[in-house]
Every structure is written in structure tokens, then in C-alpha cells.
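Each residue of the sequence shown is one higher than the one before, starting from 116 at the first, in the working numbering.
Even glycine gets a Cβ: it sits at the ideal position worked out from N, Cα and C.
Owing to the predicted nature of the structure, the values given are computational and were not obtained by experimental measurement.
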Amino acid sequence: MANDVYGDIPWAVSGGQRHMRSRGRYLYSSGSCGEFDIALGPPFSMAAPDGMPMTKVSPSSDKTETAARREPADVPARGHDVNDGRPARGRYFGPGGKLRPFRLLAGDAGRLRTRWWSDWVVFNQQVVASTVYIFFTNILPGITFASDLYVLTGRSWGTIEVVFSTGLCGVIFALFSAQPLTILGVTGPFSVLAENIYALCETRFHVDFLSVMAWSLLHAGWMLLLLAVFNAHDWTMQYVTHFSADIFSLLNSVIYFHKAALELRRTHDSVSLAAFLYAVIGAVGTCLLAMLLSTANAWRPLFHRYVRLGLAEYAAAISIVLFIGIPHMGELAGLDHERLAVQTTFRPSSPDRSVFGVRFWTLPIGWVFLSVVPGAVVAVLFYFDHEISSIICTVPRYGTQKPGGFAWDVALLGLTTMLCGALGIPPANGLLPQAPLHSESLLHYADENPHRHPSQGRGQGGGGGRRRVPRTYEQRYSHLIQAVLILAFVSPPLQRLLGLAQTSVLAGLFLFMGYQSLAVNPILGRVGQLVTPLSELPELPTGVRWRAVHGYTLSQLLLTGAVFATTLTVAAPGFPLLIVALVPARLTLAGRIWSRETLRAVDGWACRPGKPEDGAGDDAEHGAGEAAVEEARAPVPAFDAEKGTMPVSRGG
């Protein structure tokens with residue numbers, strides 16, 4: 116029996132889960148993260164499938180009484196996907212059907228109208244610090260990807276294209292997205308994909324790269340729109356588990372480390388030995404100083420608390436500015452440092468183009484249709500990458516309260532992808548680790564009475580002490596301001612300012628970003644358990660053995676290595692398909708390798724409460740069972756001041 120009192124409606128459901136909406140907040144207990152309708156009758160009755168008992172709960176006592184099902188004859192039960200006698204077409208395309216066009220988009224649009232104005236009422240010092248932090252961690256890695264693209268796409272794309280795309284898409288999403296915490300930019304996986312498509316176009320097929328890429332992005336755009344229209348989030352992401360999401364996050368970390376190594380290797384090939392040795396020192400120093408300063412909140416009693424707070428919140432910015440300035444002083448100024456290649460005018464990087472835009476309509480018709488293949492790969496990569504970014508930046512540890520809108524953001528992503536294709540610039544999508552780092556930088560702790568009913572005002576409620584719970588400043592200012600600042604850097608004066616940065620500093624920032632992404636990945640903790648003596652490991656639940664847990668961890672490491680190795684071969688354009696293939700592989704093969712108890716201990720659904728092993732049959736389709744509901748509604752653990760369980764960086 117799963118009992119709850121949510122908003123003003125006390126209710127309980129026996130043997131299943133239901134979705135409830137109250138005061139503009141949505142409880143996604145169905146697992147599909149979409150909007151469902153519930154028919155309520157006097158006093159509180161809810162439409163349910165035949166045979167499912169309903170229980171009425173008194174908010175003032177724990178006593179329950181079985182309530183007869185009250186459903187008007189002319190109000191059909193909606194919001195569930197059971198076989199209620201309707202034909203298959205009705206189940207999928209009827210009211211509440213998974214494939215009913217615009218079902219999730221309509222719900223997301225309503226939620227966006229509800230939250231949009233409230234996103235502009237919060238602005239404080241922590242929002243400013245978050246803006247500066249995200250600005251540096253977004254533009255500088257993007258510039259490093261730009262240096263890769265400039266070399267590996269034959270100067271088709273460079274710094275100005277990456278900066279233009281990041282700023283333009285960032286402004287659009289800051290203003291119109293349903294989840295403004297998700298930061299956009301040109302990603303490492305897409306850079307790898309684009310570099311390999313260029314190699315195929317130039318060396319094998321001898322066709323214009325920008326025209327093929329423009330059509331690929333146009334195809335990817337309409338595919339993303341179709342995924343949003345037909346509620347793809349309901350029938351795809353509800354099956355994604357942490358197994359696949361953690362591998363994808365680890366892959367991003369590996370790509371960051373690899374890009375840092377490539378940057379230093381290119382520096383070695385183009386400068387003197389002395390300049391290269393300093394580049395290594397500068398890269399490692401940039402990373403280590405940022406790591407050190409990010410822990411400043413734990414330096415008590417050193418410095419004033421506001422000094423510690425400032426050092427922690429501006430750690431990356433301080434480190435970057437310092438190591439950009441050091442090579443301009445003393446004898447280091449005489450070294451032949453490798454610096455970022457930038458434009459001196461507002462024009463594309465390619466000498467063959469004078470304006471932004473691609474004459475994609477001149478591409479032979481055969482290649483227009485063949486571009487559907489890379490377009491589909493881009494659509495799969497962007498869909499999975501953006502959804503995972505949105506999920507990770509709103510996990511329970513950040514205490515987010517406002518509803519998002521996966522379908523709305525995927526549709527908006529489709530439009531920006533097509534826009535970038537027409538302009539001849541690389542498209543931007545959800546970034547890892549920048550999206551969760553954005554939430555991390557806005558994280559603070561608020562005093563809350565756990566016994567206060569949601570309908571009661573402040574200062575009311577039952578007894579009991581107050582506790583500190585995590586909350587995130589959910590607003591649009593930090594996303595918008597950093598995007599506007601990035602967009603401003605397409606101007607020639609600010610481009611010259613970017614040209615002062617050494618590539619070694621960018622390599623160091625890559626190391627820092629890879630570290631921060633890795634630090635919040637649960638795979639890292641389990642890797643530590645691999646080398647911990649058995650006597651020092653904690654006790655596991657009944658039926659779970661450490662040998663099985665270690666095997667699960669090793670499988671994730673091996674799969675990450677296999678996918679990364681694929682990005683270094685001619686099969687690199689298809690690596691997003693390998694990531695997607697991990698989803699059905701986890702659901703079909705993992706149960707044959709590990710026990711049910713082991714999988715329950717190490718894995719769970721990424722986008723809904725519960726675990727795949729919570730139950731069979733309906734649980735796999737409609738939710739994770741009553742235990743998952745209780746887990747989802749459990750209060751977030753309070754901040755432990757004695758243990759110091761604060762985030763790695765940026766406290767509040």
C-alpha cells in the first residue's frame with residue numbers, strides 16, 4: 116500500500132501508481148515523465164483500471180477506509196496504458212496514448228507558461244558567480260573543440276563558428292526552453308562525429324563537406340521534431356538506466372582527457388622544447404589550481420567565509436586568468452607559445468566563404484537523400500545527449516522544484532539544429548558536465564520543516580526540528596547572461612582577446628572539466644572499491660556479493676573503453692548507436708549475468724523512480740512499484756555539517 120498526502124488531495128493507490136498534479140507541480144510516478152489526466156469525483160475519487168481497489172486516506176489520521184470507485188459514465192479513465200479493451204490504435208493514438216501526436220508537447224507548453232515568469236524573480240550573488248563559472252567552463256572547452264575542428268575539418272569550422280553557435284543556441288534556450296538549467300554548447304562527441312564525416316567527404320566521396328553537413332543537420336532537425344511530436348520520451352528514456360547514463364558520462368570524461376592530450380601533442384609539434392615543457396606545466400597547473408580553489412569552502416578557519424566562498428565559486432576563472440597572464444611575464448614572454456587561432460573580422464573561418472550560410476540546395480539530389488544516414492546518427496546522439504544532460508542536472512540531490520519539459524526542449528533542439536545547418540556552423544546541444552555543474556553552482560541549503568504540510572504557510576506545521584535540505588536557484592539569468600557574453604565574443608575586438616589564451620590553458624581546463632565530470636560519476640566510487648580490501652568494504656544487502664558488484668563495474672569500464680576505441684576508427688560516425696544499444700542490452704542481457712539482488716543494488720531507472728528489477732509485467736511498463744514510489748517521495752537527506760557532505764565545489 117502506497118499512501119501519500121500531496122497538495123490538498125489525500126489519496127492512496129493499492130497495487131499500482133498514479134500521477135497527481137497540484138498547484139502547478141507534477142509528480143512523475145508513472146515513470147514516463149509526461150502529463151496524465153485523472154478523473155476526480157466528490158470527495159476524492161480517482162479513475163482506475165477494473166479490479167484495482169481505491170483507498171481514501173484521512174489527512175488527520177492514519178486510518179483508511181476503502182472507497183468505492185466513483186467514475187462518471189461519461190468520463191473515461193485516462194493516463195494509463197493498460198489493455199482496457201480498446202483496439203491497438205486507440206491504446207497508442209487515443210487519449211493518453213503513447214503515440215498520440217503533441218500529447219507531451221501540449222503538457223510541456225502549459226508547464227512552461229506556468230513557470231516562465233517565476234524564472235525571472237531570482238537574482239543574487241550566487242547567480243552571478245554561477246554565470247561567471249559557466250561562462251568560462253562553456254566558452255573555453257568550446258574553443259578547444261574549435262581548434263580541433265579547425266585542423267580536422269580543413270578550416271571549415273573554427274573558433275568563430277563554435278562561439279557563434281554556442282552563444283546563439285544558448286540565448287534561444289535560455290529564453291524559450293522548458294529547463295533552463297541545461298547548458299548548451301558544441302560537444303566532444305559531435306566534434307568526433309564531424310571530424311570523421313569530413314574525412315569521409317574529402318578522402319572517399321569527394322563531396323562538399325559543409326553542404327553534406329547542412330543537409331545532415333536539416334534531416335536531424337526534422338527527426339528531432341518528430342521524436343518530440345510523437346512523445347519519444349515516453350517510449351525511449353523511461354527504459355534508460357544508470358548503467359547506460361553512467362557509461363555515457365564516463366565517455367565524456369574520457370573524451371575531455373583525450374582532447375587535453377591531443378592539444379599538448381599538437382603544441383609539441385609546433386613549438387620549441389622549452390615552450391612545450393612550459394605548456395605541460397601550464398596545463399597541469401591550471402587544472403590543479405582550479406581543483407584546489409574549488410575546495411576553499413572547507414578551509415575553515417582560514418580567511419573570512421566570504422573570501423572562501425568567492426575562491427570556491429570563481430575557482431576556474433581565477434586559475435584560467437592567472438595562467439593566461441603568467442606567460443606574458445619575465446623570460447617566459449620570449450618563448451614561442453602556441454596560442455588560439457582566431458578571426459580578425461566577423462566572417463567564417465573558411466577562406467572560401469565570406470558570409471555565414473551554406474548553398475545546400477546545390478548539392479546533388481543523391482547526396483541529399485544519402486545525408487539522411489549521418490542525419491539520423493546526429494539525431495540519435497543529440498536526443499540521447501540532451502535528455503541525459505537534462506536528467507542529470509535535475510537529479511534529487513539538487514532539490515529542483517519546478518517542472519521541466521523534455522518534449523518541448525527536444526523540439527526546440529530540432530529547430531536550432533536546422534538553423535545551425537543553414538548557417539553553416541556546428542550545432543549545440545546539452546552539455547556534460549556543464550549542465551550538472553550549472554546546477555552544482557546554483558546549489559544552496561535551505562531550512563525546512565519536514566513535518567509542515569505543503570498546503571500550510573511558512574511558520575505553520577507540526578512539531579519537530581528544522582533541517583537543511585538542498586535547493587537550486589532555478590532561474591534563467593545565469594544561462595542567458597553567459598550565452599550573451601559568449602555571443603559577444605564573435606566581435607573582432609573580443610576575438611583578439613581570446614587570441615591571448617595559450618592552448619596549454621585550454622588543455623588544463625579540459626583536465627579540470629574531465630575531473631569534475633568524473634568526480635560525480637558513481638563508477639569512480641566503485642572503481643575505488645575494486646582496490647579496497649574486502650575487510651574494509653561495507654556490508655552488502657542480502658544476496659549481493661562484492662565479486663558480482665566488481666564484475667558489474669568492470670563491464671562498464673570495458674564498454675566505455677570499447678565505445679571510445681570506436682571513436683578512433685573509421686566506424687566513429689556510428690558510435691552514438693553503440694551508446695543507444697546499451698539500453699536494450701542492459702534490460703535483456705544483464706539479468707542473465709548478474710542476480711536480481713545485485714542489479715537492484717547497483718542500478719536503477721535514470722528518468723523515473725525505482726529499478727528494473729522491482730517487478731515484472733506492469734512494473735516494467737507503468738512504473739517501478741510501490742517501493743519506488745516511497746523511494747521517490749522520501750525526503751532528501753539533510754546536510755551533515757559534522758561530516759561535511761557538501762558538493763565538491765560551490766557551496767552556498
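For residue i, does the three-state DSSP call read helix, strand or coil?
i, result
"residue 559", "strand"
"residue 459", "coil"
"residue 311", "helix"
"residue 617", "strand"
"residue 272", "coil"
"residue 657", "coil"
"residue 664", "helix"
"residue 683", "coil"
"residue 587", "strand"
"residue 545", "strand"
"residue 397", "helix"
"residue 581", "coil"
"residue 468", "coil"
"residue 720", "strand"
"residue 149", "At residue 149, the pLDDT of 39 sits below 50, so the modelled position is not reliable; the number obtained from the coordinates is stated separately. Coil."
"residue 532", "helix"
"residue 626", "helix"
"residue 356", "strand"
"residue 218", "helix"
"residue 490", "helix"
"residue 652", "coil"
"residue 417", "coil"
"residue 388", "helix"
"residue 175", "Residue placement at residue 175 cannot be trusted, given a pLDDT of 39 that sits under 50; what the coordinates show is reported in the next sentence. Residue 175: coil per DSSP, three-state reduction."
"residue 423", "helix"
"residue 454", "strand"
"residue 678", "helix"
Return the Cβ separation of residue i and residue j in integer angstroms, given the expectation that the two are a contact with Cβ distance under 8 angstroms.
i, j, result
"residue 368", "residue 453", "No, residue 368 and residue 453 are not in contact; Cβ-Cβ is about 24 angstroms, not under 8 angstroms."
"residue 515", "residue 587", "5 angstroms"
"residue 553", "residue 296", "6 angstroms"
"residue 605", "residue 278", "5 angstroms"
"residue 394", "residue 379", "6 angstroms"
"residue 451", "residue 671", "With 8 angstroms as the limit, residue 451 and residue 671 do not qualify as a contact, their Cβ atoms being about 43 angstroms apart."
"residue 456", "residue 667", "Contact flag wrong, Cβ pair sits at about 44 angstroms."
"residue 785", "residue 688", "Here the chain covers residues 116 to 767 and nothing more, so residue 785 does not appear."
With 16 as the cutoff for other CB atoms within 10 Å, does residue i come out buried or exposed?
i, result
"residue 683", "exposed"
"residue 650", "exposed"
"residue 704", "exposed"
"residue 708", "exposed"
"residue 523", "buried"
"residue 469", "exposed"
"residue 420", "exposed"
"residue 272", "buried"
"residue 236", "exposed"
"residue 328", "buried"
"residue 594", "buried"
"residue 510", "exposed"
"residue 647", "exposed"
"residue 691", "buried"
"residue 446", "exposed"
"residue 467", "exposed"
"residue 307", "buried"
"residue 443", "exposed"
"residue 620", "buried"
"residue 518", "buried"
"residue 652", "exposed"
Quick one: is the Cβ of residue i within less than 7 angstroms of any heavy atom of the ligand MG?
i, result
"residue 548", "As presented, the structure is devoid of all ligands, the ligand MG included, so that no description of it is given."
Cβ contact check for the stretch 486-506 and the stretch 335-342: 3 or more pairs under 8 angstroms: Touching, yes, given that three or more Cβ pairs across the two stretches are closer than 8 angstroms.
Contact between the stretch 347-355 and the stretch 533-547 (3+ Cβ pairs under 8 angstroms): no
Three or more C-beta pairs below 8 angstroms linking the stretch 294-310 and the stretch 249-263: yes
The stretch 622-636 in contact with the stretch 541-561 per 3-pair CB rule at 8 angstroms: Flag = yes, the stretch 622-636 and the stretch 541-561 touch.
The stretch 315-326 / the stretch 268-288 touching (three or more Cβ pairs under 8 angstroms): yes
Touching by the beta-carbon criterion (3+ pairs, under 8 angstroms), the stretch 428-439 and the stretch 383-401: yes
Stretch-stretch touch, CB-based, cutoff 8 angstroms, three pairs: the stretch 231-248 with the stretch 424-433: Three or more pairs of CB atoms, one per stretch, sit closer than 8 angstroms, so the stretch 231-248 contacts the stretch 424-433.
Contact the stretch 662-676 vs the stretch 356-374: 3+ CB pairs below 8 angstroms: Yes, they touch.
At least three beta-carbon pairs within less than 8 angstroms, the stretch 283-296 to the stretch 406-414: no
Ordered list of alpha helix (DSSP H) runs contained in the stretch 219-270, each at least 4 residues: List check, alpha helix (DSSP H) in window: 240-267.
Unbroken stretches of the alpha helix (DSSP H), 4 residues or longer, contained in the stretch 280-352: 303-315, 324-344 and 347-350
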